[in-house]
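The sequence shown begins at 1230 in our numbering and counts up one residue at a time.
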Amino acid sequence: MDATFVLYPNMTSLDFVGPFEVLASVPVVSARFVAATLDPVRSDNGLIVTPTDTFDSLKATDIVVVPGSGHWKELLKDSGGVVEWLREVHPTTKWTTSVCTGSTLLAEAGLVSKATTHWAAREDLEVRGVEVSTDRVVFDDKVVTGAGVSAGIDMALRLVEAEFGEVVAQAVQVGIEYDPQPPRSYDSIPPEIAAGLKQAFAASQA
């Protein structure tokens, strides 16, 4: 089973590295990395990844994982071919997934009706006609979305459970020793802290 991770400039590295570690822990899963060209792609914090395939060469895959970016508003204006490729490859997938603001790309491609995302990007899903959930992971038929950044690990574990069963998912989780403590979310923190964070994110997009 192929799991293909979408690469583009200024993506958030943990959005795809987390799911990669989870999915690559399953022996029957082979990882591929797709981008506009075969040139190395730099994440927003400097991680450089070399693609194995291009949007032109890869036309079918079992699983797609779309990472988000802190620059998602710019990406929605010009996705560098990501949105078009998603529309083309989605009919071939068993699962089409995203992490963080990657769900806004799925929404722009018209592939999802209910999704979660990073709390700062919820409005960008709403204006694209998507029912926004605050859950950490959301299944919408074969589309699976994870909320912000680290939720990609949760999303991938839920995906492993759906595809390979609970025992395999538990083994992977223990294998990577994933036991987040304490649980904390945007909706659970004091309102004044949430407001400050929202203001800071809005300023970063200006």
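Cβ atoms here follow ideal geometry from the backbone N, Cα and C, with glycine treated the same way.
**Prompt:** Going by other Cβ atoms of all chains shown within 10 Å of its Cβ, with 16 needed for buried, is G1275 buried or exposed?
**Reply:** As a first step, residue 1275 is located in the sequence shown; it is residue number 46 there, counting from the start. Counting Cβ neighbours within 10 Å, G1275 comes out exposed, since fewer than 16 surround it.
**Message:** Between which residues of its own chain and W1348 is the CB-CB distance below 6 Å, once the five residues before and five after are set aside?
**Reply:** On the sequence shown, position 119 is the one that residue 1348 refers to. Counting only residues of its own chain and dropping the five nearest sequence neighbours on each side, W1348 has a CB closer than 6 Å to the CB of Y1415.
**Prompt:** Given that a residue counts as buried once 16 or more other Cβ atoms are within 10 Å of its Cβ, and exposed if not, what is E1337?
**Reply:** The residue given as residue 1337 occupies position 108 in the sequence shown. By the neighbour-count rule (16 or more Cβ atoms within 10 Å), E1337 is buried.
**Prompt:** Based on the DSSP output, what are the partners of K1343 in its beta bridges?
**Reply:** Numbered from 1 along the sequence shown, position 114 holds the residue referred to as residue 1343. By DSSP's assignment, K1343 forms a beta bridge with E1360.
**Item:** Residue burial classification, P1248 (beta-carbon count within 10 angstroms, cutoff 16)
**Value:** Mapped onto the sequence shown, residue 1248 falls at position 19. Result: buried.
**Request:** Could you tell me if P1280 is buried or exposed, where buried requires 16 or more neighbouring beta carbons within 10 angstroms of its beta carbon?
**Result:** One-based indexing of the sequence shown puts residue 1280 at position 51. With a threshold of 16 other beta carbon atoms within 10 Å, P1280 meets it and is buried.
**Prompt:** What three-state label does DSSP hand A1281 in the structure shown?
**Reply:** Against the sequence shown, residue 1281 aligns to sequence position 52. Here the sequence assigns Thr to residue 1281, which means Ala is not the residue at that position. In this structure, T1281 counts as coil in the three-state DSSP scheme.
**Message:** Taking the alpha-carbon of V1359 as reference, which of V1372, V1341, A1253, M1230 has the nearest alpha-carbon?
**Reply:** If you number the sequence shown from 1, residue 1359 lands on position 130. Of V1372, V1341, A1253, M1230, the residue nearest in Cα terms is V1341.
**Within the stretch 1242-1298, ranges of the alpha helix (DSSP H) (whole runs, at least 4 residues)** = 1242-1253
**Asked** Between the C-alpha atoms of A1290 and A1264, what's the straight-line distance to the nearest angstrom?
**Response** What you label residue 1290 is simply residue 61 of the sequence shown in a count that begins at 1. What you label residue 1264 is simply residue 35 of the sequence shown in a count that begins at 1. According to the sequence as given, residue 1290 is Thr; it is not Ala. The alpha-carbon atoms of T1290 and A1264 are separated by roughly 14 Å.
**Paired residues, beta bridge with D1231 - DSSP** = Taking the first residue of the sequence shown as 1, we reach residue 1231 at position 2. DSSP, once it has assigned bridges, lists S1259 as partnering D1231.
**Prompt:** Three-state secondary structure (DSSP) at V1372?
**Reply:** If you number the sequence shown from 1, residue 1372 lands on position 143. If DSSP states are grouped into helix, strand and coil, V1372 belongs with the strands.
**Asked** How would you call D1383, buried or exposed, if buried means at least 16 neighbouring beta carbons within 10 angstroms?
**Response** For the purposes of this step, residue 1383 is identified with residue 154 of the sequence shown, where counting begins at 1. When all chains shown are included, D1383 counts as buried.
**Asked** DSSP beta-bridge partners for T1326?
**Response** For the purposes of this step, residue 1326 is taken as residue 97 along the sequence shown, with counting starting at 1. Per DSSP, V1294, V1373.
**Range covered by the alpha helix (DSSP H) that runs through E1352** = Here residue 1352 refers to the residue found at position 123 when the sequence shown is read from its first residue. Segment 1351-1355, the alpha helix (DSSP H) holding E1352.
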